[in-house]
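Taking it in order: structure first as structure tokens, then the write-up.
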Amino acid sequence: MNLEDRPIGFFDSGVGGISVLKEAIRVLPGENFTYFGDSKNAPYGTRSVDEVKFLTFNAVDFLMKKGIKALVIACNTATSAAIIDLRDKYSAIMPVIGIEPALKPAVEYNRSGKIIIMATPMTLAEAKFNNLMENYKDKAEIVPLPCPGLVELIEDGVIYGETIDRYLEDKINFFKEQGIAAIVLGCTHYPFIKKSLSRILENKVPIIDGSKGTVRQLKRQLIEYNIISKRKECGKVEINNSLINNEIISLSYKLLNPNE
Ligand code: DGL
């Protein structure tokens with residue numbers, strides 16, 4: 001198969017990376033995509049860095065066997081733990097794109113109040129995020145907000161309703177009273193609860209995720225490596241998961257195409 005016709009590999013600890021895949025299909029409709037979610041081992045965000053590295057490299061082995069031409073780590077947690085090592089190993093042969101909390105666009109809104117970064121405990125503890133925060137600390141008041149337990153709910157398909165509302169209210173209400181400039185969704189699972197979050201914030205606060213920036217970077221790299229697809233018709237999307245059951249695959253497709 002021609003290099004440019006090969007699929008782009010997407011990886012996440014579970015179904016979260018579907019939120020980034022969705023944006024990639026919108027921007028690059030002619031590409032083929034192969035997704036791998038490691039729901040059997042999710043959540044990653046409360047594991048050790050070494051465990052996440054090990055699991056991420058295993059997942060990338062799986063995608064390599066599918067003949068991918070580019071790799072997107074659509075998981076903030078796996079990016080924090082493994083992106084440097086992954087680039088060391090693979091960037092000579094293909095683009096390796098990661099994702100990080102979209103702090104820059106949140107600061108650029110220039111609204112008064114706190115910028116809340118919702119993410120997994122590991123993402124917020126790792127050097128990658130702390131270096132990013134350091135760059136913006138004089139421009140905005142940034143509050144890291146670890147959200148343990150939220151990924152598990154989303155993996156179970158709970159994306160709206162009373163349980164999600166209660167979880168989010170417990171996290172957010174305290175800051176609501178103090179004034180929120182923007183909320184950054186620093187975990188690729190969280191865009192699926194954006195509607196609930198937005199309602200709790202009375203649609204008054206910008207909620208930003210990293211998918212747009214990540215896909216822009218993917219497109220740039222495909223052009224740079226000269227492997228962007230020239231196909232006019234829509235490409236294929238294949239979804240794989242380490243959990244061998246139909247429920248997780250149908251949840252993945254439901255999250256990808258909520259109106260079907
Ligand atoms: N989607 C992953 C992220 O972006 C969730 C990590 C987890 O499994 O805890 O961080």
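FYI, my numbering numbers position 120 of the sequence shown as 120, with every residue one higher than the one before it.
Think of the CB as a built atom: it goes at the ideal place given N, C-alpha and C, for glycine as much as any other residue.
Could you tell me the alpha carbon to alpha carbon distance between residue i and residue j, rounded to whole angstroms?
i, j, result
"GLU141", "MET1", "50 Å"
"LYS204", "ALA181", "9 Å"
"ARG87", "ALA127", "17 Å"
"MET118", "GLY9", "26 Å"
"SER112", "LYS176", "12 Å"
"THR34", "GLU247", "18 Å"
"LEU145", "LEU71", "28 Å"
"ILE83", "GLU100", "11 Å"
"LEU218", "LYS232", "19 Å"
"ASN58", "GLN178", "44 Å"
"THR163", "PRO121", "21 Å"
"LYS236", "ALA125", "37 Å"
Please state whether the Cβ-Cβ distance between residue i and residue j is less than 7 Å.
i, j, result
"PRO43", "VAL184", "no"
"LEU3", "LYS69", "yes"
"ASP309", "ALA102", "With the chain running from 1 to 260 in the structure shown, residue 309 is simply not present."
"ILE18", "SER242", "no"
"VAL107", "TYR136", "yes"
"LYS22", "LEU256", "yes"
"GLY98", "THR123", "no"
"ILE159", "PHE129", "no"
"ALA39", "GLU134", "Correcting the residue identity first, residue 39 is Ser in this sequence and not Ala. Taking 7 Å as the Cβ cut-off, SER39 and GLU134 do not qualify as a contacting pair."
"SER265", "GLU31", "The structure shown has nothing for residue 265, since the chain only spans 1 to 260."
For residue i, report the span of its alpha helix (DSSP H) as first-last.
i, result
"THR123", "121 to 125"
"ASP61", "49 to 65"
"LEU168", "162 to 178"
"TYR90", "76 to 90"
"LEU150", "150 to 155"
"VAL158", "Note, VAL158: premise wrong, no alpha helix (DSSP H); not H, not E."
"PRO7", "Note, PRO7: premise wrong, no alpha helix (DSSP H); not H, not E."
"LEU28", "Careful: LEU28 lies outside any alpha helix (DSSP H) and carries neither H nor E."
"ALA42", "Neither: ALA42 is in no alpha helix (DSSP H) and is coded neither H nor E."
"GLU108", "103 to 108"
Considering residue i, what are the terminal residues of the beta strand (DSSP E) in which it resides?
i, result
"VAL15", "Here VAL15 belongs to no beta strand (DSSP E), and DSSP marks it neither H nor E."
"GLU141", "141 to 146"
"ALA70", "70 to 73"
"TYR35", "33 to 37"
Relative to the ligand ATP, is the shortest distance from any of its heavy atoms to the C-beta of residue i smaller than 6 Å?
i, result
"ASP12", "In terms of ligand content, the structure shown lacks the ligand ATP and carries the ligand DGL instead."
At least three beta-carbon pairs within less than 8 Å, the stretch 169 to 189 to the stretch 59 to 68 | Contact between the stretch 169 to 189 and the stretch 59 to 68 is absent, because fewer than three Cβ pairs lie under 8 Å.
For the stretch 195 to 206 and the stretch 220 to 230, state whether three or more C-beta atom pairs, one from each stretch, are separated by less than 8 Å.
-> Two segments are said to touch when three or more pairs of C-beta atoms, one from each, lie closer than 8 Å; by this definition the stretch 195 to 206 does not touch the stretch 220 to 230.
Whole alpha helix (DSSP H) runs in the stretch 189 to 255 with 4 or more residues, listed along the chain?
-> Here the runs fully enclosed are 194 to 200, 211 to 224.
Three or more C-beta pairs closer than 8 Å, one from the stretch 147 to 163 and one from the stretch 27 to 43: is that the case here?
-> At 8 Å Cβ cutoff, the stretches touch.
contact_flag[the stretch 24 to 34, the stretch 210 to 219] where n(CB pairs < 8 Å) is 3 or more | Between the stretch 24 to 34 and the stretch 210 to 219, the count of C-beta pairs closer than 8 Å reaches three or more; the two stretches touch.
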